[in-house]
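Number of protein chains: 2
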Amino acid sequence: MRIPYGEMRDVFLRILLKYGFHEEKAARAAELFTDNTCDGVASHGANRFPRVLTYIRKGHIAPAADPIMEESFGALERWNGNRGMGCTNASSAMDRAMELAAISGVGCVAMRNTNHWMRGGAYGLQAARKGFVGICWTNTMPNMPPWGGKERRIGNNPIIMALPWKESPVLIDGALAQFSYGAIEAHRLAGRQLPVPGGYDEEGRITSDPGAIEKTWRVLPIGFWKGSGLSIALDLIGALLSKGNTVRQIGELGDEIAVTQTFLAFNAEGMYGKEYVESVVEGVLSDLKRAAPAEPGGEILYPGEKEGRTRRENLELGIPVNEEIWESILRELA
Amino acid sequence: MRIPYGEMRDVFLRILLKYGFHEEKAARAAELFTDNTCDGVASHGANRFPRVLTYIRKGHIAPAADPIMEESFGALERWNGNRGMGCTNASSAMDRAMELAAISGVGCVAMRNTNHWMRGGAYGLQAARKGFVGICWTNTMPNMPPWGGKERRIGNNPIIMALPWKESPVLIDGALAQFSYGAIEAHRLAGRQLPVPGGYDEEGRITSDPGAIEKTWRVLPIGFWKGSGLSIALDLIGALLSKGNTVRQIGELGDEIAVTQTFLAFNAEGMYGKEYVESVVEGVLSDLKRAAPAEPGGEILYPGEKEGRTRRENLELGIPVNEEIWESILRELA
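Protein chains in written order, with my numbering: chain A, 35 to 368; chain B, 35 to 368.
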């Protein structure tokens with residue numbers, strides 16, 4: 035089924051108000067959950083909304099908590115998310131990083147003790163739509179083995195980079211695992227192999243069989259040893275700068291809470307003007323588009339292009355949502 | 035053969051002085067070429083030194099050119115490398131990023147019109163050894179196809195992250211291709227398959243056969259589509275911030291010159307103290323070390339640990355160098 039954007043946002047808003055969020059924060063969160071679903075990332079939009087409500091009921095997410103600044107060093111600030119709503123905490127952190135960048139060219143907010151931000155790309159887009167380059171990453175539960183190891187001790191620590199580009203910014207938004215747990219499950223349910231190897235089977239062999247990987251949960255980092263190193267470095271940098279939990283420490287908490295996030299903004303259009311920024315991005319993207327496709331008739335998409343197309347389609351036709359999930363969300367209003 | 039550290043450095047120094055470098059710059063460059071070789075990265079140390087001399091003779095690298103600041107925005111500065119020596123340009127850029135970070139918590143130097151920095155990890159180590167977190171990346175010639183494309187239009191754009199950790203900092207230093215061209219060639223010469231797939235054969239199939247990949251030069255990005263996106267984003271960010279060449283523009287220059295590099299420093303120990311920084315890194319690394327190894331008797335290394343071991347060994351025993359290459363270098367002194 036498809037739900038119009040405004041209707042979906044209003045449903046989220048009314049539920050969040052019932053759960054004790056102040057109006058402004060509820061509105062921002064409702065918008066983020068709707069945007070994520072609208073952009074084709076329902077896994078971190080409508081589909082994840084019920085679990086967020088569970089976390090609120092469990093006391094993992096405090097609706098009334100607001101982030102506070104703990105230390106300032108000029109262009110870099112250390113914030114405490116106070117275990118508030120992850121998506122609004124992240125949104126205000128990127129806003130603050132942009133304020134700092136508007137003064138100093140670059141700004142950094144390191145936030146500890148916050149919650150799952152849902153779709154990290156949302157904060158990249160937030161920066162890019164205001165003319166900034168945005169970079170951010172989060173750490174996670176231990177959910178991937180380090181290179182050379184069997185046990186899950188590192189996070190898949192998604193990293194986001196975004197740049198201004200007309201109505202659909204350039205956006206990369208990816209976990210450092212080759213596939214998310216959700217993608218592996220979806221392939222198994224559909225009876226499909228993964229398009230490239232995604233983990234290890236019980237004999238320790240690299241495999242594309244989603245069912246075999248689910249038995250070990252030894253997923254592969256992107257680039258094998260390279261992604262393992264990136265994951266460790268991003269976890270360390272975030273935890274150092276924010277004085278927040280490392281992946282290891284989050285693993286001791288039972289649920290994925292009190293995570294650590296880092297936000298960087300660069301004042302691209304503010305420093306050099308919109309026209310210059312557009313000309314650079316145009317030069318690179320048009321060159322990519324001209325490359326011979328690998329498959330006859332294929333098309334080369336720039337990073338973020340697919341999400342932009344999905345968004346336009348869903349704004350017009352309504353946002354696709356799983357009927358069962360939507361019904362369960364509507365029951366919150368009863 | 036093995037050459038003692040001091041002897042190797044002095045040979046490089048004397049040659050660079052002959053080529054017209056001022057004493058201080060020649061000394062810093064000689065040290066960097068020696069360090070890279072000593073850490074086990076001869077490909078960007080002694081083995082690359084003759085090509086750098088060729089670039090100087092061709093006029094691609096100007097020994098007398100110094101980088102200059104073109105614009106300052108507070109914690110972010112835009113520099114012009116003036117096509118000077120890549121390694122000393124990069125070293126002074128990271129020094130400047132640290133100076134900015136010492137004032138503002140974070141500092142960024144975006145440098146255009148510079149030359150190949152040899153081993154990017156050197157500038158990460160430079161920051162980490164002074165108590166900073168260092169992040170830097172460079173763009174390159176077009177040497178990898180974008181995801182979905184056949185032609186090489188994106189760079190393998192190496193990215194570096196480093197953090198303080200006793201005598202051997204945590205260090206990741208990796209191109210966004212799964213394997214460098216040099217590694218692919220070395221496997222073919224040794225008659226070995228790559229340990230994981232590294233590119234495409236002539237039928238467009240993903241392969242681990244180094245010879246087949248050399249026929250197409252369609253190398254794989256790390257994480258397939260993910261590394262392709264990362265490469266595009268890093269190229270765009272660097273070029274935007276520095277007003278420098280993009281990968282596409284470097285491709286028009288014939289040789290890999292006038293590249294664009296970005297340097298970020300975070301004042302970790304300055305903000306929070308050495309003891310705190312050590313405790314965070316210690317917590318993560320000791321946890322990794324405790325993970326069950328994938329292979330019986332295996333060992334999990336932290337990123338940068340191997341380079342540190344190699345360095346200690348080579349400082350003691352002398353630095354291994356290919357005899358033929360070393361002879362050709364010595365002939366420069368004749």
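All C-beta atoms, glycine included, are put in the ideal place defined by N, C-alpha and C.
Query: Inter-stretch contact (C-beta, 8 Å, three-pair minimum) for the region 157-172 of chain B and the region 194-212 of chain B; Result: yes
Query: Identity of the residue in A:ASN173, A:GLY342, A:SER125 and A:LEU66 nearest GLY40 of chain A by Cα; Result: A:LEU66
Query: PRO244 of chain A burial status per 10 Å Cβ neighbour count (16 or more: buried); Result: buried
Query: Any chain B beta carbon closer than 9 Å to LEU335 of chain A; Result: yes
Query: Coarse secondary structure for TRP199 of chain A, derived from DSSP in three states; Result: strand
Query: Cβ-Cβ separation, ALA144 of chain A to THR280 of chain A (assumed contact under 8 Å), whole Å; Result: Actually they are not in contact, since the Cβ atoms of THR280 of chain A and ALA144 of chain A sit about 13 Å apart, beyond 8 Å.
Query: Where the alpha helix (DSSP H) through ASP207 of chain B begins and ends; Result: It is not in any alpha helix (DSSP H) - ASP207 of chain B instead sits in the beta strand (DSSP E) that spans 204-208.
Query: Stretch-stretch touch, CB-based, cutoff 8 Å, three pairs: the region 53-64 of chain A with the region 82-102 of chain A; Result: yes
Query: CB contact check: ILE240 of chain B to chain A, cutoff 9 Å; Result: yes
Query: Cβ-based burial, ASN356 of chain B [other Cβ within 10 Å; buried from 16]; Result: exposed
Query: Members of the region 176-190 of chain B that neighbour chain A once the beta carbon cut-off is set at 8 Å; Result: PRO179, PRO180, TRP181, GLY182, GLY183, LYS184, GLU185, ARG187 and ILE188
Query: Endpoints, the alpha helix (DSSP H) within which TRP360 of chain B is located; Result: 357-365
Query: Reference GLY74 of chain B; option with closest CA among B:LEU335, B:GLY261, B:GLU333 and B:GLU347; Result: B:GLU347
Query: ASN147 of chain A - containing alpha helix (DSSP H), residue span; Result: Where ASN147 of chain A is concerned, there is no enclosing alpha helix (DSSP H), although the beta strand (DSSP E) it sits in stretches over 140-148.
Query: Per-residue burial, MET178 of chain B [other beta carbons within 10 Å of its own, 16 or more giving buried]; Result: buried
Query: Start and end residues, beta strand (DSSP E) containing TRP113 of chain B; Result: 110-114
Query: Residue-level contact to chain A via CB, LYS308 of chain B, 9 Å cutoff; Result: no
Query: ILE206 of chain B and LYS260 of chain A closer than 9 Å at C-beta; Result: yes
Query: GLY233 of chain A classed as buried or exposed, judged by whether at least 16 other C-beta atoms fall within 10 angstroms; Result: buried
Query: Neighbour flag for LYS249 of chain A against chain B, beta carbons, 9 Å; Result: no
Query: Distance, THR250 of chain B Cα to GLY238 of chain B Cα; Result: 9 Å
Query: Any C-beta of chain B under 9 Å from that of ALA326 of chain A; Result: yes
Query: Secondary structure of THR241 of chain B, DSSP reduced to three states; Result: strand
Query: Expected contact under 8 Å - CB spacing of LYS277 of chain B and ARG82 of chain B to nearest Å; Result: Contact doesn't hold; Cβ gap of about 28 Å is too wide.
Query: Three-state class that DSSP yields for GLN212 of chain A in the structure shown; Result: coil
Query: Assigned exposure category for SER362 of chain B - 16 Cβ within 10 Å defines buried; Result: exposed
Query: Spatial distance of LYS323 of chain A from TRP151 of chain B (CA atoms); Result: 30 Å
Query: 8 Å Cβ cut-off: residues of chain B touching ASN114 of chain A; Result: Here the premise fails: no neighbours, minimum Cβ distance about 15 Å.
Query: Of the listed residues A:SER77, A:CYS121 and A:HIS78, nearest to ALA96 of chain A (C-alpha basis); Result: A:CYS121
Query: Where LEU159 of chain B sits in the DSSP three-state scheme; Result: helix
Query: MET132 of chain B to CYS142 of chain A span [Cα, whole Å]; Result: 15 Å
Query: Neighbour-count burial assignment, ASP289 of chain B, 16 or more Cβ in a 10 Å radius; Result: exposed
Query: Enclosing beta strand (DSSP E) for SER106 of chain B [first to last residue]; Result: 102-106
Query: Local conformation of MET178 of chain B per DSSP, three classes; Result: strand
Query: Three-state secondary structure assigned by DSSP to GLN295 of chain B; Result: strand
Query: Pair within 9 Å by beta-carbon distance, HIS94 of chain B and ASN149 of chain B; Result: yes
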